[in-house]
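Quick note on my numbering: the sequence shown kicks off at 1 and runs consecutively.
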Amino acid sequence: MSALGNIIRKELRELLTPATLLPIIFMSMLFGSMGQMMGNIGEQLEEKPVIGVINEDNGVLSNLSFKVLCNYTSIVYNSSNNDVEDALKEVEERDVVALVVIPKNFTSSIL
């Protein structure tokens, strides 16, 4: 065998020890699992969140807020009554992420 082949074989034997191979294997497994988790999150982000809305105000800003919520979420509960307890019960039955309450005087308190 040539002298160059002997030198390369010797250097590889010195470099490829368990102390150097274990971190490389560990990091590749770690990044592979992180990539798998991130791929699943991307699929979940495409779905709109499901919420419930109670709009107690009929002002301009409350209506605008409601329209924005309609554009970016799926609203399964929409009401204008003040009974939050009943709304929470109904929302829990439908497996909804959140219940948004737009209070009275919402527009006037902002303007």
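All residues carry an ideal CB built from backbone N, CA and C; glycine is no exception. Predicted model only: the values in this text are computed from it and were never measured.
Nearest-angstrom Cα distance between residue i and residue j?
i	j	result
Glu-93	Val-68	25 angstroms
Glu-43	Met-37	10 angstroms
Ser-80	Phe-26	55 angstroms
Met-29	Asn-78	46 angstroms
Pro-10	Pro-49	Residue identity differs from the one stated: residue 10 is Lys in this sequence, not Pro. So the two alpha carbons sit approximately 59 angstroms from each other.
Ile-75	Phe-31	37 angstroms
Ser-2	Ile-8	10 angstroms
Gly-5	Leu-12	11 angstroms
Val-96	Ser-33	30 angstroms
Ile-119	Glu-85	The requested residue 119 does not occur in the structure, where the chain is confined to residues 1 to 111.
Val-91	Glu-47	18 angstroms
Thr-161	Pro-18	Residue 161 is absent from the model: the chain starts at 1 and stops at 111.
Cys-70	Ser-108	22 angstroms
Taking its Cβ as the centre, do 16 or more other Cβ atoms sit within 10 Å of residue i, making it buried, or is it exposed?
i	result
Ile-24	exposed
Phe-106	buried
Ile-102	buried
Gly-39	exposed
Gly-35	exposed
Indicate whether residue i and residue j have their beta-carbon atoms separated by less than 7 angstroms.
i	j	result
Leu-64	Ile-110	no
Ala-98	Ile-54	no
Leu-104	Glu-56	The displayed chain sequence assigns Lys, not Leu, to residue 104. Cβ atoms of Lys-104 and Glu-56: closer than 7 angstroms.
(request) Just list the beta strand (DSSP E) runs in the region 72-98, keeping only unbroken ones of 3 residues or longer that don't cross its boundaries, in chain order. (result) 74-79
(request) With a floor of 3 residues, list each beta strand (DSSP E) that falls wholly inside the region 35-65, ordered by position along the chain. (result) 50-55
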